[in-house]
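Numbered as in this note's numbering, the sequence shown ends at 417 without a single skipped number.
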Amino acid sequence: MIDGQRKTGAAIRWGMVGGGRGSQIGYIHRAAATRDRYFDMVAGAFDLDPARGRAFGTDLGLDPARCYADYRAMFAAESARPDGIRAVSIATPNNTHYEISKAALLAGIHVICEKPLTFTTAEALDLQRIARDKGLIVGVTYGYSGYQMIEEAARLVADGTLGEIRLVNLQFAHGFHNEAVEEANPAIRWRVDPKFAGPSYVLGDLATHPLYLAEVICPDLRIRRLMCARQSFIASRAPLEDNAVTLMEYEGGAFGTLWTSAVNAGAMHSQRVRIVGSKASVEWWDEHPNQLSLEIQGQPPRLLDRGMGYLHPEALADDRISGGHPEGLFEAWANLYERFALAIEAHDDGAPERVAGLRYPGVEAGIEGVRWVENCVRSADQGGIWVDYR
Ligand code: NAD
Numbered sequence: 028m029i030d031g032q033r034k035t036g037a038a039i040r041w042g043m044v045g046g047g048r049g050s051q052i053g054y055i056h057r058a059a060a061t062r063d064r065y066f067d068m069v070a071g072a073f074d075l076d077p078a079r080g081r082a083f084g085t086d087l088g089l090d091p092a093r094c095y096a097d098y099r100a101m102f103a104a105e106s107a108r109p110d111g112i113r114a115v116s117i118a119t120p121n122n123t124h125y126e127i128s129k130a131a132l133l134a135g136i137h138v139i140c141e142k143p144l145t146f147t148t149a150e151a152l153d154l155q156r157i158a159r160d161k162g163l164i165v166g167v168t169y170g171y172s173g174y175q176m177i178e179e180a181a182r183l184v185a186d187g188t189l190g191e192i193r194l195v196n197l198q199f200a201h202g203f204h205n206e207a208v209e210e211a212n213p214a215i216r217w218r219v220d221p222k223f224a225g226p227s228y229v230l231g232d233l234a235t236h237p238l239y240l241a242e243v244i245c246p247d248l249r250i251r252r253l254m255c256a257r258q259s260f261i262a263s264r265a266p267l268e269d270n271a272v273t274l275m276e277y278e279g280g281a282f283g284t285l286w287t288s289a290v291n292a293g294a295m296h297s298q299r300v301r302i303v304g305s306k307a308s309v310e311w312w313d314e315h316p317n318q319l320s321l322e323i324q325g326q327p328p329r330l331l332d333r334g335m336g337y338l339h340p341e342a343l344a345d346d347r348i349s350g351g352h353p354e355g356l357f358e359a360w361a362n363l364y365e366r367f368a369l370a371i372e373a374h375d376d377g378a379p380e381r382v383a384g385l386r387y388p389g390v391e392a393g394i395e396g397v398r399w400v401e402n403c404v405r406s407a408d409q410g411g412i413w414v415d416y417r
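Shown next as structure tokens:
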């Protein structure tokens with residue numbers, strides 16, 4: 028049970044790059060990082076527009092001297108202060124993740140970065156190398172993985188309830204961009220422009236979320252080869268896709284499918300993970316995150332509820348208010364930020380082994396997301412052929 032008691036020493040001095048006024052994802056970073064006082068926000072370079080970024084930081088109550096015009100000025104000034112930031116969260120468009128993360132690591136600052144971590148696997152591996160050399164962490168905000176029922180699904184797989192895993196059926200298919208809404212909205216426009224978004228739109232932006240959930244629930248599965256077809260139903264989005272379907276063969280015979288879309292008209296998120304084993308299946312929807320469906324062959328289907336004593340202790344450890352009351356994305360993100368804090372403290376104490384069993388999306392998860400997108404694009408751009416996963 029999480030009840031606000033901090034499991035680390037002092038709060039981690041923390042800053043943000045991006046996530047400024049009007050951004051989609053900035054607020055949840057701040058809300059999650061400070062929820063249990065693991066992080067203390069003291070600095071920021073919040074906006075591409077320096078004046079707007081400074082004004083925003085001041086409105087958040089920060090010292091105006093620590094509201095910077097850009098990330099370079101922030102890392103230089105903060106790393107020279109005895110009370111400078113120890114960690115930074117990066118919530119800017121995709122094209123900047125690599126250069127900003129790299130600059131932070133080189134300045135000795137832990138990184139928590141948005142997905143997709145980088146444009147290329149080579150860049151993500153570079154971040155991993157620098158972080159390792161510097162004794163720093165790179166966290167990636169696959170926020171849905173902080174949900175209690177994802178942990179429960181992982182435990183049901185681990186304890187053998189599902190039997191041998193056969194099918195991994197994934198989906199993240201919303202309908203919000205069924206028309207060319209980017210024409211009137213710059214925050215969507217960059218998502219469909221390869222200069223800012225990278226080699227994909229929905230594959231990187233959406234599909235990497237359920238992909239990571241499947242990695243958490245079924246950590247032993249390894250993709251052997253995949254086949255991907257992608258489409259641009261809004262033609263001006265080409266070469267980037269607004270819909271894609273991927274088939275995956277795993278080592279050992281399991282098979283996976285992933286449908287991702289921004290043109291699933293009428294749908295809200297429609298993020299769904301269904302894992303089918305030889306004895307039972309589990310299914311989780313992000314629009315009903317407090318429930319997990321467990322169907323055991325030959326028995327009546329069950330709907331497990333968050334916060335209940337019949338869950339595994341590891342899932343209940345993430346509980347904040349016991350059964351019945353709903354929890355949501357803010358709690359899931361706060362659970363992740365707690366783990367980032369524990370990992371940061373262990374690294375700063377020179378004892379990373381202390382958090383060896385701690386599950387959080389780190390640099391490996393970031394690398395895997397980028398690698399998966401690269402493989403999908405390689406397949407799709409050759410006409411949707413099977414490609415060996417590399
Ligand atoms: P957005 O366009 O709404 O906001 C981007 C913000 O970054 C703006 O405040 C902008 O001024 C600022 N910015 C841009 N370049 C900057 C720079 N060089 N220095 C400082 N600030 C800069 O974008 P968003 O929807 O908030 O997405 C940001 C990132 O978060 C993207 O990588 C996206 O993929 C990711 N995201 C993740 C989730 C999730 O569930 N984890 C959800 C939404 C978005």
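Beta carbons are placed, not taken as given, at the ideal position from N, Cα and C, and that holds for glycine.
Validate contact between the segment 195–215 and the segment 287–301 using beta carbons, cut 8 Å, 3 pairs: yes
Ala265 burial status per 10 Å Cβ neighbour count (16 or more: buried): Reading the sequence shown from its first residue, position 238 is the one you call residue 265. Ala265 comes out exposed.
Helix, strand or coil at Thr61 according to DSSP, with G and I counted as helix: Working through the sequence shown from its first residue, we reach residue 61 at position 34. Correct three-state label for Thr61: helix.
Under 7 Å between C-beta atoms of Glu401 and Thr148: Along the sequence shown, read from residue 1 onward, the residue named residue 401 stands at position 374. Along the sequence shown, read from residue 1 onward, the residue named residue 148 stands at position 121. Closer than 7 Å, so yes.
Paired residues, beta bridge with Ile192 - DSSP: Translated into the one-based positions of the sequence shown, residue 192 becomes position 165. The partner list for Ile192 (beta bridge, DSSP) reads Gly304.
Thr119 Cβ short of 6 Å to the ligand NAD heavy atom set: Within the sequence shown, residue 119 is the residue found at index 92, counting from 1. The answer is yes for Thr119.
Nearest residue (CA-CA) to Ser227, options Ala78, Gly49, Leu267 and Ile136: Mapped onto the sequence shown, residue 227 falls at position 200. Looking at the Cα atoms, Leu267 is the closest of the given residues.
Bridge partner(s) assigned by DSSP for Glu310: Locating residue 310 in the sequence shown gives position 283, counting from the first residue. Beta-bridge pairing links Glu310 to Arg301 and Ser320.
Cβ shell of His374 (< 6 Å), same chain only, five flanking positions each side left out: By one-based count along the sequence shown, residue 374 stands at place 347. Once the five neighbours on either side are set aside, the close Cβ partners of His374 are Gly162 and Ile164.
Under 7 Å between C-beta atoms of Leu240 and Val300: Here residue 240 is taken as the residue at index 213 of the sequence shown, counted from 1. Here residue 300 is taken as the residue at index 273 of the sequence shown, counted from 1. Yes, Cβ-Cβ distance for Leu240 and Val300 is below 7 Å.
Simplified DSSP state of His137, which is helix, strand or coil: Residue 137 sits at position 110 when you count from the first residue of the sequence shown. His137: strand per DSSP, three-state reduction.
Three-state secondary structure assigned by DSSP to Asp220: Here residue 220 corresponds to residue number 193 of the sequence shown, with the count starting at 1. The answer is coil: DSSP assigns Asp220 none of H, G, I, E or B.
Leu75 versus Asp90 - alpha carbon distance: Your numbering for residue 75 matches position 48 in the sequence shown. Your numbering for residue 90 matches position 63 in the sequence shown. In a straight line, the C-alpha of Leu75 is about 19 Å away from that of Asp90.
Distance CB(Gly45)-CB(Thr145) smaller than 7 Å: Along the sequence shown, read from residue 1 onward, the residue named residue 45 stands at position 18. Along the sequence shown, read from residue 1 onward, the residue named residue 145 stands at position 118. Result no, Cβ atoms of Gly45 and Thr145 do not sit closer than 7 Å.
Contact check, Gly42 vs Val115, beta carbons under 7 Å: Here residue 42 refers to the residue found at position 15 of the sequence shown. Here residue 115 refers to the residue found at position 88 of the sequence shown. Contact: yes.
Leu154 vs Ser172 beta-carbon contact at 7 Å: Taking the sequence shown and counting its residues from 1, the one referred to as residue 154 is at position 127. Taking the sequence shown and counting its residues from 1, the one referred to as residue 172 is at position 145. In this structure, Ser172 does not lie closer than 7 Å to Leu154 by Cβ.
Continuous alpha helix (DSSP H) stretch holding Tyr422: start and end: Not covered by the structure: residue 422. The range shown for the chain is 28 to 417.
Contact under 7 Å by Cβ, Ala59 with Ala361: On the sequence shown, residue 59 is found 32 positions in, with the first residue counted as 1. On the sequence shown, residue 361 is found 334 positions in, with the first residue counted as 1. Cβ atoms of Ala59 and Ala361: closer than 7 Å.
Close Cβ partners of Pro379 (< 7 Å) along its chain, the five nearest in sequence each way excluded: Here residue 379 corresponds to residue number 352 of the sequence shown, with the count starting at 1. Once the five neighbours on either side are set aside, the close Cβ partners of Pro379 are Ala373.
C-alpha distance - Ala368 paired with Tyr65, whole-angstrom precision: The residue you call residue 368 lines up with position 341 of the sequence shown. The residue you call residue 65 lines up with position 38 of the sequence shown. Their backbone Cα atoms lie some 6 Å apart in a straight line.
Inside the segment 108–172 only - beta strand (DSSP E) runs reaching at least 3 residues: 114–118, 137–140 and 165–167
The beta strand (DSSP E) enclosing Met43, as first and last residue numbers: Within the sequence shown, numbered from 1, the residue matching residue 43 stands at position 16. Counting along the chain, the beta strand (DSSP E) containing Met43 begins and ends at Ile39 to Gly45.
Range of the contiguous beta strand (DSSP E) that encloses Tyr364: If you number the sequence shown from 1, residue 364 lands on position 337. Careful: Tyr364 lies outside any beta strand (DSSP E), inside the alpha helix (DSSP H) at Leu356 to Asp375.
As assigned by DSSP and simplified to three states, the class of Ala383: The residue labelled residue 383 in the question sits at position 356 within the sequence shown. Three-state DSSP puts Ala383 in coil, outside helix and strand.
Which listed residue (Gly88, Ile52, Gly47 and Thr61) has its alpha carbon closest to that of Pro77: Along the sequence shown, read from residue 1 onward, the residue named residue 77 stands at position 50. The shortest Cα separation from Pro77 among Gly88, Ile52, Gly47 and Thr61 belongs to Gly47.
Short Cβ contact (7 Å threshold) for Phe260 with Asp247: Your numbering for residue 260 matches position 233 in the sequence shown. Your numbering for residue 247 matches position 220 in the sequence shown. Not closer than 7 Å, so no.
Phe73 (DSSP reduced to helix, strand or coil): What you label residue 73 is simply residue 46 of the sequence shown in a count that begins at 1. Phe73 falls in the coil class under three-state DSSP.
C-beta contact flag for Ile117 and Ala181 at 7 Å: Your numbering for residue 117 matches position 90 in the sequence shown. Your numbering for residue 181 matches position 154 in the sequence shown. No; because the gap between Cβ atoms is not below 7 Å, this pair is not in contact.
Three-way DSSP call (helix, strand, coil) for Thr235 in this model: Sequence index remark: in the sequence shown, residue 235 carries index 208 (1-based). In this structure, Thr235 counts as helix in the three-state DSSP scheme.
Buried or exposed (CB count within 10 angstroms, at least 16 for buried), Tyr277: Reading the sequence shown from its first residue, position 250 is the one you call residue 277. It is buried - the Cβ of Tyr277 has at least 16 other Cβ atoms within 10 Å.
Cutoff 7 Å: Leu338 Cβ touching any chain B Cβ: Here chain B cannot be found, since the structure has a single protein chain.
Cβ distance (whole Å) where Arg93 is taken to contact Ala70 below 8 Å: Residue 93 sits at position 66 when you count from the first residue of the sequence shown. Residue 70 sits at position 43 when you count from the first residue of the sequence shown. Yes, they are in contact, since the Cβ atoms of Arg93 and Ala70 sit about 4 Å apart, within 8 Å.
Three-state class that DSSP yields for Leu343 in the structure shown: Along the sequence shown, one-based indexing puts residue 343 at 316. In this structure, Leu343 counts as helix in the three-state DSSP scheme.
Continuous beta strand (DSSP E) stretch holding Ala181: start and end: Counting from one through the sequence shown, the residue named residue 181 turns up at place 154. Unbroken run through Ala181 is the alpha helix (DSSP H), Gln175 to Ala185; no beta strand (DSSP E).
Which of helix, strand or coil DSSP assigns to Ile412: To locate residue 412, count along the sequence shown from 1; it is residue 385. If DSSP states are grouped into helix, strand and coil, Ile412 belongs with coil.
Backbone secondary structure at Phe83 - three-state DSSP: One-based indexing of the sequence shown puts residue 83 at position 56. Phe83: helix per DSSP, three-state reduction.
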